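Under my numbering, residues 20 to 269 are what the sequence shown spells out, in order. All C-beta atoms in this analysis are idealised placements derived from N, C-alpha and C, irrespective of residue type, glycine included. Remember, predicted model here, so these are calculated numbers, not experimental data. To start, the structure under review is shown below, and the notes come after it.
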Amino acid sequence: KDQAGEADTLSAMGLAESRLGQHRKALALLEQALTLRRSVGDKRSEALTMDYLGRTHLALGDAQRAAACFEQALALYQGTGDKRGEAVAIGDLAAAEAALKRYPEALEHGRRALASLREIGDRSNTAGTLYLLARTARDSGDLTAAEGHVAEALQTIEEVRGRVASRQLRTAYFSNQYDVALLHVDVLMRQHGANPTAGHDVRALAVSERARARSLIDLLAESGARDLRRGADPQLVAREREVGAALGGK
């Protein structure tokens with residue numbers, strides 16, 4: 020019997036259920052997969068499945084159990100020498116700690132994950148970790164740190180997104196970028212509340228408008244907008260390209 024193949028199938032089914040919001044179904048499938056992973060003795064796959072289990076518990080609101088899963092995944096990754104897996108597990112542990120309002124621990128683990136991801140050059144997960152750090156800093160009351168992290172997260176997402184060839188992945192990156200932009204606006208407006216004369220509200224409006232402009236440009240690009248430009252004012256077309264280039268540089 021191909022237990023490894025069966026575990027792969029169960030894991031894939033669990034992830035599919037999770038994406039559909041069926042987290043309890045996902046949990047049952049992933050637990051079955053984990054049992055098979057342990058029977059096979061594939062520690063790296065066991066670590067990956069344990070991490071998926073942690074994310075599912077977190078989605079269900081059980082941050083305590085999620086943290087326990089992430090700690091086990093981290094230990095397994097460390098045993099296999101998987102640096103990327105280790106960094107991701109540390110970041111996931113930080114997310115669970117943030118959900119438990121253990122902000123000092125969450126920030127410490129978030130910084131560790133960020134340093135490791137930068138070391139191995141994982142830009143995609145770097146952006147996600149910066150977003151987590153920004154959100155955690157905001158929730159702990161450090162708005163200055165939150166703004167620094169969220170601004171860097173936006174820049175990183177834009178840089179990574181520009182190198183992605185797949186239309187589906189580009190769309191996913193834009194969705195992530197919009198979430199980060201919303202966080203940036205929230206942080207700036209909180210700063211405005213604390214210091215109304217510092218111009219944070221103006222910056223928040225600029226961030227919001229830039230996100231909306233990016234949304235429009237992406238919609239045009241992904242819907243075959245070349246046909247829409249036929250017969251258009253050349254100056255307007257040139258201006259659209261200028262805006263797109265400017266956004267790409269921010």
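Short of 6 Å in beta carbon distance, which residues of its chain neighbour residue i, apart from the five on each side in sequence? Order them along the chain.
i	result
Glu166	Val206
Ala78	His42
Ser227	Val204
Arg131	Ile109
Arg157	Ala165, Val206
Ala146	Ala172, Thr175, Ile176
His219	Leu207, Gln210, His211
Gln196	Ile176
Glu259	Note that Glu259 has pLDDT 49, beneath the 50 cutoff, so the model's placement of it is unreliable and the number below is only indicative. Around Glu259: no qualifying Cβ.
Leu152	Gly129, His168
Thr99	Lys62, Arg63
Taking all protein chains shown into account, decide if residue i is buried (16 or more other Cβ within 10 angstroms of its Cβ) or exposed.
i	result
Asp141	buried
Ser58	exposed
Val221	exposed
Thr148	buried
Arg38	exposed
Gln83	exposed
Leu162	buried
Gly160	exposed
Leu93	buried
Arg233	buried
Asp246	Any reading at Asp246 must be qualified, since the residue scores a pLDDT of 49, below 50, and its modelled position is unreliable; the value itself is stated next. Exposed, because fewer than 16 other Cβ atoms sit within 10 Å of the Cβ of Asp246.
Thr155	buried
Gly129	buried
Ala200	buried
Glu178	exposed
Thr216	exposed
Gly24	exposed
Ala230	buried
Ala35	exposed
Ala125	buried
First and last residue of the alpha helix (DSSP H) that includes residue i?
i	result
Asn144	142-159
Asp111	102-118
Thr163	162-180
Gly98	82-99
Thr216	No alpha helix (DSSP H) holds Thr216; DSSP gives it neither H nor E.
Gly272	Not covered by the structure: residue 272. The range shown for the chain is 20 to 269.
Leu39	Taken as a continuous stretch (DSSP letters only), Leu39 belongs to no alpha helix (DSSP H), as it is neither H nor E.
Leu79	Counting along the chain, Leu79 falls outside any alpha helix (DSSP H), and DSSP gives it neither H nor E.
Arg137	122-139
Quick one: residues in its chain with C-beta nearer than 7 Å to the C-beta of residue i, no 5 flanking neighbours on either side, listed in chain order?
i	result
Ala244	The predicted position of Ala244 is uncertain, since its pLDDT is 47 and thus under 50; no value can be drawn from it.
Gly33	Ala45, Leu48, Leu49, Ala52, Tyr71
Leu95	Lys62, Glu65, Ala66, Met69
Gln97	Glu105
Please return the same chain residues whose Cβ sits closer than 8 Å to the Cβ of residue i, not counting the five positions on each side in sequence.
i	result
Glu171	Leu149
Ala12	No answer is possible for residue 12: it lies beyond the span of the chain, which begins at 20 and ends at 269.
Asp198	Tyr150
Gly60	none
Exercise. How about the region 90-105 and the region 123-141: do they share at least three Cβ pairs that are nearer than 8 Å?
Worked result: yes
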